[in-house]
Amino acid sequence: YSCKANKPEGPQGLALGKIYFGRPPALFPPHDFVCISEHKRHIHCQFPAEIKCDMDTSFKLGTLSRDGFSECNTSADHKSYRWDSRNGSCAFSMEDLSTSFKLVVRNEIDARSILFNVTHEDIVRPAKPNLLTASQVNATIAKVTWHMSELNLLRQFKYEFRLISVHGVGNLSRFVTVPKMISSYLVEDLIPHTIYTLEVRVQVLPEVLRPFDDLYWSECASVTFKTAAHRPITAPAVAQGAYNIKKRSADQMNVSVFWEPTPDHLHNGTGFGYRVTAVSDSGNRFTKKANLPTYTFSNLSIGHYRIQVSSFNDVGESESYNEMQIFPRNDNCQPQIRSVFKSEGYNVSWFVPEKANPSSYTLMYCHFTSQATCHESTQFVTLPAARTFFVTTQDRALNFAVAAIYPDNHSSELSWQHCVVAPRTSRLAAPKYHVESITADSMTVRMVGRCEEHSYYARMQILVRALDGQLAMNKSYDHFVEEIVVDRLKSSTDYGVNVTVFDGFGKSEHEVTRRTTASSGEYWR
1 YSCKANKPEG PQGLALGKIY FGRPPALFPP HDFVCISEHK RHIHCQFPAE
51 IKCDMDTSFK LGTLSRDGFS ECNTSADHKS YRWDSRNGSC AFSMEDLSTS
101 FKLVVRNEID ARSILFNVTH EDIVRPAKPN LLTASQVNAT IAKVTWHMSE
151 LNLLRQFKYE FRLISVHGVG NLSRFVTVPK MISSYLVEDL IPHTIYTLEV
201 RVQVLPEVLR PFDDLYWSEC ASVTFKTAAH RPITAPAVAQ GAYNIKKRSA
251 DQMNVSVFWE PTPDHLHNGT GFGYRVTAVS DSGNRFTKKA NLPTYTFSNL
301 SIGHYRIQVS SFNDVGESES YNEMQIFPRN DNCQPQIRSV FKSEGYNVSW
351 FVPEKANPSS YTLMYCHFTS QATCHESTQF VTLPAARTFF VTTQDRALNF
401 AVAAIYPDNH SSELSWQHCV VAPRTSRLAA PKYHVESITA DSMTVRMVGR
451 CEEHSYYARM QILVRALDGQ LAMNKSYDHF VEEIVVDRLK SSTDYGVNVT
501 VFDGFGKSEH EVTRRTTASS GEYWR
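In the UniProt record's numbering, the protein residues as written are 1 to 525.
The following block contains the structure:
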């Protein structure tokens, strides 16, 4: 440090001096002195070159033997000092079981010494395994061999085997500890018709805990191989209720059935496809092939069918099939999707069938390609009867459908979403409807408007009252109803028809007046 004083008119001849102060050199932690024996061929060591707060510090490394201190030549950069036994600068032998090092750290104030005792077998880093070869490769097993010069150590060896597939499925890292070096490894439970890479590395386990343990692993060696093709092992996943009756006549129907696609990595070979069979109660079988996880049977006689789905490739067919059932349509058993809200994901809800008691629901969804169908990426979720909603964080455009499952092993068909809307940010619009089919004693209220508007309805109420105050109808619905029949009316009477809708935050209503007739005509006012 130095100091001096100045006045505005200039220096006044004050004394000028410098003061130096310091301390003996600090010592770094012993674990910062790291030595590695490269496959028992040579040893190199390193230690930090900079100690904070110490200036003009020098380092002198040497070995201690019966002959005393033998100085080692070191090289340095800004981070560390290094010594390599191959430079022959100090007394050292690879044949010794251990080596004692002495490090002298000196600065202008004082010098301090640190002693390190290094056990050779505890610092061995094996060489990289070489000439890796995959042999005896079949659909699910491969034997990998390699060459490596033997290390005769009184230590255990730890191997890491990292298996990586081209599909990114079935990757694993396995550690194996053995009493001596090995030169082969059997890889099991592989996926057929798949390209794999096996990486191998090895380390010697020390008798005592050593710092920076990762430094003592050998370099990784690897081999790439491909397993043989095999027929599909598992059948595609199905779910009860995953079907739609697309067209129906008096005695025939067209039915689309859906199942989950088999992932590419489970195709097990080329020429992959699906085999789907409809089996009637009388035993008639209708078998078709499909490339997508859906198929539409045309002109089936109306009735109950078992649908069996399997898969195949150029090698053969899957060992088993999965089965679902289809039933003739029953509107009383059919759930209906209430709304599909999208905001950083999806919230899907549906109405419980009014005249039935489901035991569970099957929800099906897939990436949107076209309305009311799934061509790929189909997924099923089974939900309990008390759960009438489903939430997913997926952000892609999705299609949703729901079916009801009943205790007697019966199911409804799928009911599809009609639209997707965002959560409400504005007031609920007034309901839109027509009053039609007016007769002397009845009329029909038919709701109109867009699906996007109806999705917000949490409840509906209809109130029909004659102009003289006599109540004809007062009924609430906990879901959207498209058509409401009002009967037991008086002929030639004016009625006020009021529809109120609720969305959980408020309500909106609209009222019209209509007159019943004594004949088949309509009267509008």
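Backbone N, C-alpha and C define an ideal beta-carbon position, used for all residues, glycine too.
Owing to the predicted nature of the structure, the values given are computational and were not obtained by experimental measurement.
Within 10 angstroms of the Cβ of residue i, are there 16 or more other Cβ atoms? Answer buried if so, exposed if not.
| i | result |
| --- | --- |
| Asp468 | exposed |
| Tyr1 | Low confidence applies here, because Tyr1 scores a pLDDT of 44, under 50, leaving its location unreliable; read the following figure in that light. Tyr1 comes out exposed. |
| Ala221 | buried |
| Gln394 | exposed |
| Phe212 | exposed |
| residue 526 | Beyond the ends of the chain as shown, which are 1 and 525, falls residue 526; an answer cannot be given. |
| Ile195 | exposed |
| Glu260 | buried |
| Val208 | exposed |
Less than 7 Å between CB atoms is the rule here; does residue i satisfy it with respect to chain D?
| i | result |
| --- | --- |
| Val420 | Absent from the structure is chain D; it holds one protein chain and no more. |
Determine the extent of the alpha helix (DSSP H) in which residue i is found, giving its start and end residues.
| i | result |
| --- | --- |
| Glu453 | Cys451 to His454 |
Taking C-alpha atoms, which residue in the options lies nearest to residue i?
| i | options | result |
| --- | --- | --- |
| Thr516 | Asn498, Ile438 and Ile326 | Ile438 |
| Trp416 | Phe116, Asp487, Asp281 and Ser370 | Ser370 |
| Tyr365 | Trp146, Thr392, Asn107 and Val315 | Thr392 |
| Ser280 | Phe33, Pro328 and Ala228 | Pro328 |
| Thr234 | Arg174, Pro263, Glu71 and Ile245 | Pro263 |
| Phe312 | Trp217, Arg231 and Glu354 | Arg231 |
| Thr140 | Glu121, Arg86 and Lys226 | Lys226 |
| Val421 | Lys432, Val445, Met443 and His454 | His454 |
| Ile182 | Ser173, Ser165 and Tyr159 | Tyr159 |
| Met94 | Ser37, Ser426, Arg112 and Trp217 | Ser37 |
| His147 | Thr133, Leu154, Leu153 and Gln156 | Thr133 |
| Leu479 | Pro129, Ser339, Pro423 and Ser508 | A small correction: the amino acid at residue 479 is His; Leu does not occupy that position in the sequence shown. His479 has its Cα closest to that of Ser339, out of Pro129, Ser339, Pro423 and Ser508. |
| Ala466 | Thr513, Arg427 and Ser508 | Thr513 |
| Ser318 | Lys40, Phe400, Tyr361 and Asn268 | Asn268 |
| Arg174 | His418, Ser301, Val200 and Tyr495 | Val200 |
| Ala127 | Lys40, Ser184 and Val501 | Lys40 |
| Leu408 | Cys333, Pro48, Ser426 and Gly273 | First, the residue type needs correcting, since residue 408 is Asp and not Leu in the sequence shown. Cα-wise, what sits closest to Asp408 is Cys333. |
| Pro206 | Thr119, Gly241, Glu436 and Ser426 | Thr119 |
| Ile191 | Asn130, Leu172 and Asn330 | Leu172 |
Can you tell me where the beta strand (DSSP E) with residue i in it begins and where it stops?
| i | result |
| --- | --- |
| Asp84 | Ser80 to Asp84 |
| His230 | Premise fails: His230 is in no beta strand (DSSP E) and is neither H nor E. |
| Ser411 | Ser411 -> no beta strand (DSSP E), and no H or E assigned at all. |
| Asn330 | From DSSP, Asn330 is part of no beta strand (DSSP E); its letter is neither H nor E. |
| Ser349 | Tyr346 to Phe351 |
| Thr382 | Gln379 to Pro384 |
| His434 | Lys432 to Glu436 |
| Met443 | Met443 to Val448 |
| Pro126 | From DSSP, Pro126 is part of no beta strand (DSSP E); its letter is neither H nor E. |
| Asn299 | Thr294 to Ser301 |
| Trp146 | Ala142 to His147 |
| His42 | His42 to Pro48 |
| Gln156 | Taken as a continuous stretch (DSSP letters only), Gln156 belongs to no beta strand (DSSP E), as it is neither H nor E. |
| Cys35 | Val34 to Glu38 |
| Arg210 | No beta strand (DSSP E) holds Arg210; DSSP gives it neither H nor E. |
Whole angstroms are fine: how far does the CA of residue j sit from the CA of residue i?
| i | j | result |
| --- | --- | --- |
| Leu363 | Ala403 | 7 Å |
| Leu61 | Cys45 | 10 Å |
| Phe297 | Val255 | 5 Å |
| Arg23 | Phe59 | 16 Å |
| Thr378 | Ala290 | 15 Å |
| Arg396 | Met324 | 28 Å |
| Gly303 | Thr287 | 17 Å |
| Asp67 | Gln203 | 34 Å |
| Val348 | Arg248 | 28 Å |
| Pro293 | His167 | 21 Å |
| Asn474 | Gln461 | 7 Å |
| Glu511 | Phe258 | 44 Å |
| Cys451 | Val486 | 24 Å |
| Asn87 | Phe101 | 16 Å |
| Thr145 | Pro384 | 52 Å |
| Thr57 | Phe116 | 20 Å |
| Ala518 | Arg488 | 13 Å |
| Pro335 | Cys374 | 19 Å |
| Gln470 | Glu482 | 25 Å |
| Gly521 | Ser442 | In this prediction, Gly521 has a pLDDT of 45, which is less than 50 and means its spatial position is unreliable; what the coordinates show is noted afterwards. About 12 Å. |
| Val105 | Asp214 | 28 Å |
| Asn299 | Met253 | 5 Å |
| Leu25 | Tyr216 | The question names Leu, yet the displayed sequence has Pro at residue 25. Rounded to the nearest angstrom, the two C-alpha atoms are 30 Å apart. |
| Phe351 | Ile337 | 6 Å |
Give the C-beta separation of residue i and residue j to the nearest angstrom, bearing in mind that I take them to be a contact with Cβ-Cβ under 8 Å.
| i | j | result |
| --- | --- | --- |
| Val464 | Val497 | 5 Å |
| Ala356 | Tyr305 | Contact flag wrong, Cβ pair sits at about 21 Å. |
| Val176 | Phe161 | 7 Å |
| Gly504 | Ala430 | With 8 Å as the limit, Gly504 and Ala430 do not qualify as a contact, their Cβ atoms being about 17 Å apart. |
| Leu398 | His367 | 6 Å |
| Ala239 | Phe380 | 4 Å |
| Ala49 | His31 | Not a contact, Cβ separation roughly 16 Å. |
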